[in-house]
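Protein chains in written order, with my numbering: chain A, 0 to 250; chain B, 0 to 250.
We treat Cβ as the ideally placed atom computed from N, Cα and C, and that holds for glycine.
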DNA sequence: CCCAATCATGAAAAAACCTGCATAAAATGT
DNA sequence: ACATTTTATGCAGGTTTTTTCATGATTGGG
């Protein structure tokens with residue numbers, strides 16, 4: 000098998016997100032390159048924070064939180080701002096589809112206590128948060144749990160989502176730009192998000208401004224399929240101008 | 000199983016935070032490395048203040064607080080005994096259906112780290128525990144979440160369970176006696192447990208001895224439908240005699 | 001006080017790592 | 001089209017890390 004560097008990086012990233020770890024020796028025979036090359040790849044991925052390099056291979060960056068460290072969410076205060084803006088869109092009686100990710104968790108924490116709505120998600124941490132709420136109904140999408148992303152993924156989950164017609168869909172996203180649309184690096188998660196977008200009247204993307212105008216290997220949808228983008232920036236910030244011109248609502 | 004150093008550290012930390020103590024000898028067979036390696040790991044974790052190293056193993060840094068705090072340790076230690084007995088029944092490659100409840104959670108915490116099995120459950124806390132495990136697969140039964148019992152309940156969940164044929168079913172039970180069989184007091188939960196029993200080759204009930212020979216309003220199944228009962232009592236305890244005579248395996 | 005379990009130490013081997021260099025491929029400039 | 005630069009890869013070597021094992025010393029319960 001011949002693989003370009005970029006391909007290798009995508010492949011390695013996928014493996015890391017899937018299994019939470021990779022071994023250099025293992026990758027070396029998989030991709031059929033020398034271990035030195037793998038090591039250099041891992042070094043680069045580590046430099047850009049995509050993986051954590053360790054002796055013998057690499058681990059998922061979410062590895063530490065997977066095991067134990069409930070606090071220390073990256074740019075938490077920004078995500079709180081985003082969550083506050085997002086919560087204003089939810090009204091009593093609505094059916095709301097949500098993904099996972101730390102921004103969605105912040106949203107879950109700021110839901111007003113008297114809100115009566117139905118939340119549907121495959122994200123285990125999100126379910127745990129929603130469960131604490133006194134009045135909302137929680138529906139879990141069942142399927143196999145991906146340990147890296149902590150959401151259920153697979154055909155069953157996609158099917159179930161397709162049977163739903165939700166009012167809102169809140170999506171924490173990893174990358175968005177005009178050219179590539181919304182992109183991600185985990186195949187299974189992409190399938191899920193695609194289905195969620197198609198099953199919702201209105202699609203709202205939540206992201207910190209840092210991820211605006213970046214992209215990853217796999218496309219989820221084009222920018223035009225999104226109704227609203229919420230960042231921590233003021234709504235008329237210059238960075239969001241191209242998206243506003245496409246008719247996307249910016250909050 | 001191969002575990003990188005970083006992974007071992009995370010695993011050890013997780014165990015320490017969970018059980019408040021670990022034994023070197025124990026970890027050594029769990030992770031399948033020499034005790035020397037474990038000792039060095041503990042030394043490093045101790046140097047960075049993550050654990051307190053003592054002769055024979057390590058303790059949680061919050062040892063002092065924990066030791067004097069009255070956290071219903073009594074009933075918990077019994078459940079640990081039960082969990083230890085239960086875990087011996089699980090073998091690589093098995094499909095295991097489990098319910099919820101604190102006994103099941105103890106079971107989740109003592110699963111050996113190299114175990115490769117598939118766990119299927121509708122219990123959210125159980126899913127969270129299973130997610131921490133490095134090698135097992137986790138399948139979530141989706142449906143509406145019951146906030147009181149923290150498991151998914153409803154027709155969808157029952158349907159999904161019916162489609163499964165599991166090797167083992169671990170059920171934490173609330174009441175059992177010869178006359179009424181296994182009984183409970185939550186209608187939705189009973190439906191779930193009935194389906195789980197029918198979808199499993201072997202049904203194992205976990206309960207503290209205190210609940211033996213008690214009953215509740217709604218029947219789940221008769222005693223004869225159970226294959227194994229696990230309590231914290233020695234296997235030949237007099238209290239279990241009637242069940243043993245019915246051909247039930249007592250552990 | 002005794003003895004088995006646990007520990008510390010150092011040696012040795014294996015695995016993984018880094019560095020520099022040579023080669024080849026790709027990109028760039030003329 | 002050709003030369004030059006840049007980038008990517010593999011390989012040889014020497015270094016570091018990780019691990020096990022052997023050897024006594026130490027510990028702590030009975």
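Cα-Cα separation between residue i and residue j, rounded to whole angstroms
i, j, result
"residue 145 (chain B)", "residue 48 (chain B)", "40 Å"
"residue 104 (chain B)", "residue 165 (chain A)", "33 Å"
"residue 42 (chain B)", "residue 128 (chain A)", "36 Å"
"residue 37 (chain A)", "residue 26 (chain A)", "7 Å"
"residue 84 (chain A)", "residue 115 (chain A)", "18 Å"
"residue 225 (chain A)", "residue 247 (chain A)", "7 Å"
"residue 61 (chain B)", "residue 12 (chain B)", "13 Å"
"residue 79 (chain B)", "residue 9 (chain B)", "22 Å"
"residue 5 (chain B)", "residue 177 (chain B)", "50 Å"
"residue 45 (chain A)", "residue 230 (chain B)", "49 Å"
"residue 100 (chain A)", "residue 147 (chain B)", "25 Å"
"residue 234 (chain B)", "residue 134 (chain A)", "45 Å"
"residue 34 (chain A)", "residue 187 (chain A)", "28 Å"
"residue 196 (chain B)", "residue 158 (chain B)", "13 Å"
"residue 77 (chain B)", "residue 232 (chain B)", "9 Å"
"residue 198 (chain B)", "residue 189 (chain B)", "14 Å"
"residue 82 (chain A)", "residue 249 (chain B)", "52 Å"
Assigned secondary structure, residue i (DSSP; H/G/I helix, E/B strand, else coil)
i, result
"residue 234 (chain A)", "coil"
"residue 34 (chain B)", "helix"
"residue 126 (chain A)", "helix"
"residue 45 (chain A)", "helix"
"residue 86 (chain A)", "helix"
"residue 121 (chain A)", "coil"
"residue 116 (chain A)", "coil"
"residue 23 (chain A)", "helix"
"residue 255 (chain B)", "The requested residue 255 (chain B) is not part of the displayed model; chain B covers only 0 to 250."
"residue 202 (chain B)", "strand"
"residue 178 (chain A)", "coil"
"residue 80 (chain A)", "helix"
"residue 218 (chain B)", "strand"
"residue 102 (chain B)", "helix"
"residue 56 (chain B)", "strand"
"residue 154 (chain A)", "helix"
"residue 189 (chain B)", "helix"
"residue 96 (chain B)", "strand"
Environment of residue i [buried if 16+ CB atoms lie within 10 Å]
i, result
"residue 3 (chain A)", "exposed"
"residue 15 (chain A)", "buried"
"residue 161 (chain B)", "exposed"
"residue 209 (chain A)", "exposed"
"residue 90 (chain B)", "exposed"
"residue 124 (chain A)", "buried"
"residue 245 (chain B)", "exposed"
"residue 7 (chain A)", "buried"
"residue 72 (chain B)", "Only weak support is given to the placement of residue 72 (chain B): the predicted model assigns it a pLDDT of 48, under 50, and the question is left unresolved by the model."
"residue 69 (chain B)", "Residue confidence for residue 69 (chain B) is low, a pLDDT of 45 falling below 50, so the modelled location carries little weight; the figure read from the coordinates is stated next. Classification for residue 69 (chain B): exposed."
"residue 50 (chain A)", "buried"
"residue 132 (chain B)", "buried"
"residue 296 (chain A)", "Given a span of 0 to 250 for chain A in the structure shown, any question on residue 296 (chain A) remains unanswerable."
Contacts of residue i in chain A (Cβ-Cβ under 9 Å)
i, result
"residue 279 (chain B)", "Outside the displayed span of chain B (0 to 250) sits residue 279 (chain B), for which this structure offers no information."
Under 7 Å by beta carbon: chain A residues contacting residue i
i, result
"residue 43 (chain B)", "In chain order: nothing, as chain A lies at least about 13 Å away."
"residue 127 (chain B)", "123 and 127"
Interface partners of residue i on chain B, CB under 9 Å
i, result
"residue 54 (chain A)", "3, 4 and 5"
Interface partners of residue i on chain B, CB under 7 Å
i, result
"residue 93 (chain A)", "Residues of chain B passing the Cβ test: none, with the nearest at roughly 16 Å."
Residues that residue i contacts on chain B, provided the C-beta gap is smaller than 8 Å
i, result
"residue 20 (chain A)", "3 and 6"
"residue 58 (chain A)", "3, 5 and 6"
Under 8 Å by beta carbon: chain A residues contacting residue i
i, result
"residue 130 (chain B)", "65, 123, 144, 146 and 149"
Checklist entry - Are the region 171–191 of chain B and the region 217–224 of chain B touching, with three or more C-beta to C-beta distances below 8 Å? => result yes
Next on the checklist: Quick test of the definition: if touching needs 3 or more C-beta pairs under 8 Å, does the region 21–41 of chain B touch the region 50–59 of chain B?
Outcome noted: yes
Next on the checklist: Between the region 113–124 of chain B and the region 81–101 of chain B, can you find at least three pairs of beta-carbon atoms closer than 8 Å?
Outcome noted: yes
Next on the checklist: Using 8 Å as the cut-off, can you tell me whether the region 147–159 of chain B makes contact with the region 167–177 of chain B, which would need three or more C-beta pairs spanning the two stretches below that distance?
Outcome noted: no
Checklist entry - With contact counted as at least three CB pairs below 8 Å, one residue from each stretch, are the region 195–204 of chain B and the region 232–242 of chain B in contact? => result no
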